[in-house]
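Peer 1:
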Amino acid sequence: MIYAANPRHQFRALCPRGAFAGPEAAGELCRMQELTGADAGCMQIAGSAAVPNNWGLQGAPDPEEQARWYNALLTACQARPWFGGTAFWDWPLPAHAAADRYAFIQGPALDRIRAFYCAGK
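Numbering-wise (UniProt numbering), the sequence shown opens with residue 1 and increments by one.
(1) Could you tell me which residues DSSP puts in a beta bridge with I45?
(2) Helix, strand or coil: how does DSSP classify F104 here?
(3) Can you grab the Cα-Cα spacing for the pair A115 / P52, in whole Å?
(4) According to DSSP, is A72 part of a helix, a strand, or is it coil?
(5) Determine the direct distance from the alpha carbon of A60 to that of D39, and round the result to whole angstroms.
(6) On a Cα-Cα basis, can you pick out the residue from A50, Y70, P81 that is closest to A87?
(7) From M43 to C77, what distance separates their C-alpha atoms?
(8) Let me know the secondary structure DSSP gives R114 once reduced to three states.
(9) Indicate the three-state DSSP secondary structure (helix, strand or coil) for A119 in the structure shown.
(10) For D62, which residues in the same chain have their Cβ closer than 7 Å to its Cβ, ignoring the five residues on either side in sequence?
Here you go:
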């Protein structure tokens with residue numbers, strides 16, 4: 001199963017039953033017991049939410065756009081009972097790497113991710 005989602009709640013799925021897009025993909029995914037996303041991420045660059053997998057995107061730094069993207073992704077996934085979690089792209093350990101592309105350490109996106117996974121704990 002290959003699964004992709006974007007913050008506009010659009011889904012694409014490729015699985016043994018065929019290829020699905022939009023609402024059909026979401027319906028196909030709902031038939032599953034659980035799905036864990038292989039990876040997800042969005043750069044801290046203006047415009048990256050529209051094309052989160054475009055590593056060549058250039059633009060002004062925009063940590064808030066990245067945070068909004070993570071918030072939208074997690075909100076969309078939380079509404080689906082089959083969502084079991086995901087791995088996030090590129091979390092460098094050095095604090096100075098915070099402004100580097102997909103990193104979200106010390107940024108507003110980290111606050112959104114932490115709030116999502118630590119809610120109620």
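All C-beta atoms, glycine included, are put in the ideal place defined by N, C-alpha and C.
Peer 2: Concretely, from the data shown:
(1) As computed with DSSP, I45 is found in a beta bridge with P61.
(2) Of the three classes helix, strand and coil, the one that applies to F104 here is coil, per DSSP.
(3) Linking A115 to P52 through their CA atoms gives a straight-line distance of about 22 Å.
(4) Correct three-state label for A72: helix.
(5) Their Cα atoms are separated by approximately 24 Å.
(6) Its Cα nearest to that of A87, the residue Y70 stands out among A50, Y70, P81.
(7) The C-alpha of M43 lies about 19 Å from the C-alpha of C77.
(8) Here R114 carries a helix assignment [DSSP, helix/strand/coil].
(9) In the structure shown, A119 adopts coil according to DSSP, grouped into three states.
(10) Counting only Cβ-Cβ distances below 7 Å, and skipping sequence neighbours, we find Q44, I45, A46.
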